[in-house]
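K.L.:
Dropping the structure in here first, questions after.
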Amino acid sequence: MCHRFEIDAEYRRRRARLLAEKGTGFRSLGVGGADATTPHGRLMLTVLGGMVEFDREWILVLDVRMGPKPKLPLYQRHKALRR
Numbered sequence: 090m091c092h093r094f095e096i097d098a099e100y101r102r103r104r105a106r107l108l109a110e111k112g113t114g115f116r117s118l119g120v121g122g123a124d125a126t127t128p129h130g131r132l133m134l135t136v137l138g139g140m141v142e143f144d145r146e147w148i149l150v151l152d153v154r155m156g157p158k159p160k161l162p163l164y165q166r167h168k169a170l171r172r
């Protein structure tokens, strides 16, 4: 499951900036090195976030569909949905 924070790089930057303006920081307990209170941590978050965003967009470009192939042909699925 993907959280909003992992999807949009601009959203991450705005949130990190907002936290910094309030005098607090962001540290992830689940991801090593994800500490937005240090320059190195901010770099790591930016790079990893960019990779996640690129990967998601690349999957969309390739039109990859996850999961098993449908059992019914397209016309039968449309017919079933109309019922």
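The sequence shown begins at 90 in our numbering and counts up one residue at a time. For every residue, glycine included, the Cβ atom is placed at its ideal position computed from N, Cα and C.
Starting from G130, trace the alpha helix (DSSP H) both ways and give me its first and last residue.
P.N.:
Indexing the sequence shown from 1 puts residue 130 at position 41. Element bounds for G130: P128 to L151.
K.L.:
Using only CA atoms, which one of L151, Y164, R103 and V150 lies nearest to T135?
P.N.:
Here residue 135 is taken as the residue at index 46 of the sequence shown, counted from 1. Closest option to T135, Cα to Cα, is R103.
K.L.:
Exposed or buried, M90, counting other C-beta atoms within 10 Å across all chains shown (16 or more means buried)?
P.N.:
For the purposes of this step, residue 90 is taken as residue 1 along the sequence shown, with counting starting at 1. Low per-residue confidence applies at M90: pLDDT is 41, beneath 50, and the placement is therefore not dependable, though the value from the model is reported in the following sentence. M90 comes out exposed.
K.L.:
Below 8 Å on the Cβ atoms is my contact criterion, and I expect G138 with R101 to pass it. Report the Cβ-Cβ distance as a whole number of Å.
P.N.:
The residue you call residue 138 lines up with position 49 of the sequence shown. The residue you call residue 101 lines up with position 12 of the sequence shown. 5 Å between Cβ atoms; contact.
K.L.:
Quick one: what's got a C-beta closer than 8 Å to G114's C-beta in the same chain, skipping five residues either side?
P.N.:
As a first step, residue 114 must be located in the sequence shown, where it is residue number 25. So the list reads L108, D124, A125 and T126, once near-sequence residues are dropped.
K.L.:
By Cβ distance, which residues of its chain are closer than 6 Å to R116, with the 5 residues on each side in sequence left out?
P.N.:
On the sequence shown, residue 116 is found 27 positions in, with the first residue counted as 1. Cβ neighbours of R116 beyond the five flanking positions: D124.
K.L.:
Could you check the C-alpha separation between D152 and L170 for me, to the nearest Å?
P.N.:
Against the sequence shown, residue 152 aligns to sequence position 63. Against the sequence shown, residue 170 aligns to sequence position 81. When rounded, the distance between both Cα atoms is 23 Å.
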